[in-house]
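Under full-length UniProt numbering, the residue at position 301 of the sequence shown is numbered 301, and the numbers go up by one with no gaps.
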Amino acid sequence: MKKEISILEIKGIKIGQSENQAAGTGCTVFLSETGMRAGLDVRGGGPASRESELLNPLAAAQVIHAIVLAGGSAYGLGAADGVMKYLEEKGIGFEVGPSLKVPLVCQSDLFDLTVGDPYIRPDKAMGYDACLRAEENGTGNYRDGNFGAGCGATVGKFAGMDYCMKSGIGSYAVQIGELQVGAVVAVNALGDIYDWKTGKKIAGLLAEDRKTFRSTEELMYASTEIVENKFTGNTTIGVIITNGKFEKASLCKIAGMAHDGYARSIRPVHTTADGDSIYAVSVGDVEADQDLTGVLAAEVMSEAITRAVMSAEGAYGYPGVRDLP
Numbered sequence: 001m002k003k004e005i006s007i008l009e010i011k012g013i014k015i016g017q018s019e020n021q022a023a024g025t026g027c028t029v030f031l032s033e034t035g036m037r038a039g040l041d042v043r044g045g046g047p048a049s050r051e052s053e054l055l056n057p058l059a060a061a062q063v064i065h066a067i068v069l070a071g072g073s074a075y076g077l078g079a080a081d082g083v084m085k086y087l088e089e090k091g092i093g094f095e096v097g098p099s100l101k102v103p104l105v106c107q108s109d110l111f112d113l114t115v116g117d118p119y120i121r122p123d124k125a126m127g128y129d130a131c132l133r134a135e136e137n138g139t140g141n142y143r144d145g146n147f148g149a150g151c152g153a154t155v156g157k158f159a160g161m162d163y164c165m166k167s168g169i170g171s172y173a174v175q176i177g178e179l180q181v182g183a184v185v186a187v188n189a190l191g192d193i194y195d196w197k198t199g200k201k202i203a204g205l206l207a208e209d210r211k212t213f214r215s216t217e218e219l220m221y222a223s224t225e226i227v228e229n230k231f232t233g234n235t236t237i238g239v240i241i242t243n244g245k246f247e248k249a250s251l252c253k254i255a256g257m258a259h260d261g262y263a264r265s266i267r268p269v270h271t272t273a274d275g276d277s278i279y280a281v282s283v284g285d286v287e288a289d290q291d292l293t294g295v296l297a298a299e300v301m302s303e304a305i306t307r308a309v310m311s312a313e314g315a316y317g318y319p320g321v322r323d324l325p
């Protein structure tokens with residue numbers, strides 16, 4: 001029997017969020033003090049990332065200690081420096097000498113520079129603060145909505161920022177027997193967002209009245225003219241978390257299957273103007289089928305996308321779902 005659980009019920013990982021609401025940016029940090037097995041699948045054409053090659057199955061590292069999702073585009077990659085500092089202070093990392101450990105931290109960023117203050121981005125101090133927040137109450141301070149990496153997230157930007165909507169970060173998790181699979185995703189897509197269960201559009205490109213929808217795909221179909229620069233602010237980044245026992249190669253496959261969740265919920269998706277990326281991490285030892293876990297990963301990712309846009313509040317002049325008639 002499949003049942004819904006909180007993302008915080010999956011043990012072995014802590015999630016902390018820090019944001020600058022005035023500037024419209026933030027970061028979400030996933031910490032594993034003992035190390036987590038991890039894989040990565042990048043489908044978008046414009047990713048901003050750090051240490052992603054660690055997750056190649058051919059790379060030597062078998063575990064990593066943190067994942068950072070953040071805003072700020074490539075400027076925001078400095079948030080990982082604060083995570084490194086925090087882990088070093090706690091003596092967590094890959095041992096390279098008698099008294100020296102190097103924390104292994106991967107990061108992916110979304111583009112939110114056009115939302116708030118483009119000169120304030122996630123940095124070392126914000127990354128460190130997110131780690132401190134991850135220690136709150138033993139599980140961290142994670143919340144869906146305009147928090148962490150979702151602080152400056154928007155969707156439906158093909159016609160420019162004047163017609164987009166506010167999005168955020170969302171989560172969803174399920175359990176079957178002992179197996180737990182969950183997703184956390186910051187939704188910052190060029191395209192529109194659809195309810196994966198009904199096919200109904202729930203957020204995205206607004207009509208000129210800014211109260212009703214129009215279709216990004218239909219607008220794209222209207223002309224075959226080459227659009228040279230679509231980088232008005234995109235990229236959806238997420239993490240699949242499971243207590244299933246998997247190694248890197250399997251986790252890369254599970255991350256790839258989770259992209260089906262993106263495809264069900266975001267149209268268009270995986271464009272050259274998006275850096276769409278999904279991490280998959282194993283933080284337990286429950287024996288589980290890889291394909292079952294991948295199917296669940298796609299489902300929880302789709303539902304997390306829905307919750308990201310439904311929980312977002314209108315901000316920075318961009319309406320949220322609840323602001324529409």
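Glycine included, C-beta positions come from ideal geometry on N, C-alpha and C. Every value quoted in this text rests on a predicted model; they were computed, and no experiment measured them.
- Query: Where are the beta strand (DSSP E) runs, 3 residues long or more, that stay fully inside the segment 215–272, in chain order?
  - Reply: The segment 215–272 contains, as complete beta strand (DSSP E) runs of 3+ residues, the segments 237–244 (chain order).
- Message: Three or more C-beta pairs under 8 Å: does that hold for the segment 299–317 against the segment 136–154?
- Response: Three or more Cβ pairs drawn from the segment 299–317 and the segment 136–154 lie within less than 8 Å of each other, which places the two stretches in contact.
- Query: CA-CA distance, P98 and V281?
  - Reply: Here residue 98 refers to the residue found at position 98 of the sequence shown. Here residue 281 refers to the residue found at position 281 of the sequence shown. Rounded to whole angstroms, P98 to V281 spans 28 Å at the Cα level.
- Item | 8 Å Cβ shell around S49 - same chain, five flanking residues per side excluded | Sequence index remark: in the sequence shown, residue 49 carries index 49 (1-based). Closer than 8 Å at the Cβ level, and outside the excluded window around S49, lie V42, L77, C106, Q107, S108, D109, G275, S277.
- Item | Anticipated Cβ contact below 8 Å, residue 326 with G244, distance rounded | Only positions 1 to 325 of the chain appear in the structure, and residue 326 is not among them; the question remains open.
- Query: Can you give the Cα-Cα distance for K124 and F30, rounded to whole angstroms?
  - Reply: Residue mapping note: residue 124 aligns to position 124 of the sequence shown, counting from 1. Residue mapping note: residue 30 aligns to position 30 of the sequence shown, counting from 1. Going from the Cα of K124 to the Cα of F30 covers about 15 Å.
- Query: Counting Cβ pairs, one atom from each stretch, are 3 or more of them under 8 Å apart for the segment 121–136 and the segment 13–29?
  - Reply: The segment 121–136 is in contact with the segment 13–29.
- Task: Indicate the three-state DSSP secondary structure (helix, strand or coil) for C27 in the structure shown.
- Result: Stepping through the sequence shown from its first residue, residue 27 is reached at position 27. Three-state result, C27: strand.
- Message: Tell me the rounded alpha-carbon separation between L104 and K197.
- Response: Here the question's residue 104 lines up with position 104 in the sequence shown. Here the question's residue 197 lines up with position 197 in the sequence shown. Approximately 37 Å between the Cα atoms of the pair.
- Task: Could you round the C-beta distance between A203 and A304 to whole angstroms and report it? I think they count as a contact, below 8 Å.
- Result: Numbered from 1 along the sequence shown, position 203 holds the residue referred to as residue 203. Numbered from 1 along the sequence shown, position 304 holds the residue referred to as residue 304. The Cβ separation is near 14 Å, so there is no contact.
- Query: If you check the beta carbons only, do G148 and G26 fall under 8 Å apart?
  - Reply: Looking up residue 148 in the sequence shown gives position 148. Looking up residue 26 in the sequence shown gives position 26. Using a Cβ distance threshold of 8 Å, G148 and G26 count as a contacting pair.
- Which class does S6 belong to by DSSP, given the choice of helix, strand or coil? Looking up residue 6 in the sequence shown gives position 6. Reduced to three states, the DSSP call for S6 is coil.
- Tell me whether M310 sits in a helix, a strand or coil according to DSSP, three-state version. Against the sequence shown, residue 310 aligns to sequence position 310. M310 falls in the helix class under three-state DSSP.
- In terms of DSSP beta bridges, what is L104 paired with? What you label residue 104 is simply residue 104 of the sequence shown in a count that begins at 1. Note: L104 sits in no beta bridge, so no partner.
- Message: Rounded to the nearest angstrom, what separates A74 and N20 at their Cα positions?
- Response: As a working note, residue 74 is residue 74 in the sequence shown. As a working note, residue 20 is residue 20 in the sequence shown. Looking at the two C-alpha atoms, the distance is approximately 17 Å.
- Can you tell me which of L292, F158, Y279, N234 puts its alpha carbon nearest to the alpha carbon of S223? As a position in the sequence shown, residue 223 is number 223, starting the count at 1. Answer by Cα proximity: F158.
- What three-state label does DSSP hand D41 in the structure shown? As a position in the sequence shown, residue 41 is number 41, starting the count at 1. Strand.
- Query: Alpha carbon to alpha carbon, how far is S205 from M301?
  - Reply: Position 205 of the sequence shown holds residue 205. Position 301 of the sequence shown holds residue 301. This sequence places Leu at residue 205; Ser is not what is there. If you take the alpha carbons of L205 and M301, they lie about 21 Å apart.
- Item | A59 burial status per 10 Å Cβ neighbour count (16 or more: buried) | Residue numbering aside, residue 59 sits at position 59 when the sequence shown is read from its first letter. When all chains shown are included, A59 counts as exposed.
- Message: What does the Cβ neighbour count give for K211, buried or exposed, with the cut at 16 atoms within 10 Å?
- Response: On the sequence shown, position 211 is the one that residue 211 refers to. Flag for K211 reads exposed.
- Task: Would you list the one or two residues that DSSP bridges to V185?
- Result: In the sequence shown, counting from the first residue as 1, residue 185 sits at position 185. Residue pairing by DSSP places V185 opposite G170, G238 in a beta bridge.
- Item | Alpha-carbon spacing of P57 relative to C131, whole angstroms | If you number the sequence shown from 1, residue 57 lands on position 57. If you number the sequence shown from 1, residue 131 lands on position 131. Roughly 27 Å separates the two Cα atoms.
- Item | Member of A79, Y142, K85, G93 whose CA lies at the smallest distance from the CA of P122 | Here residue 122 refers to the residue found at position 122 when the sequence shown is read from its first residue. Minimum Cα distance to P122 is reached at A79.
- Message: Please identify the residue among S32, K2, V63 whose C-alpha is closest to the C-alpha of F246.
- Response: As a position in the sequence shown, residue 246 is number 246, starting the count at 1. Nearest option by C-alpha distance: V63.
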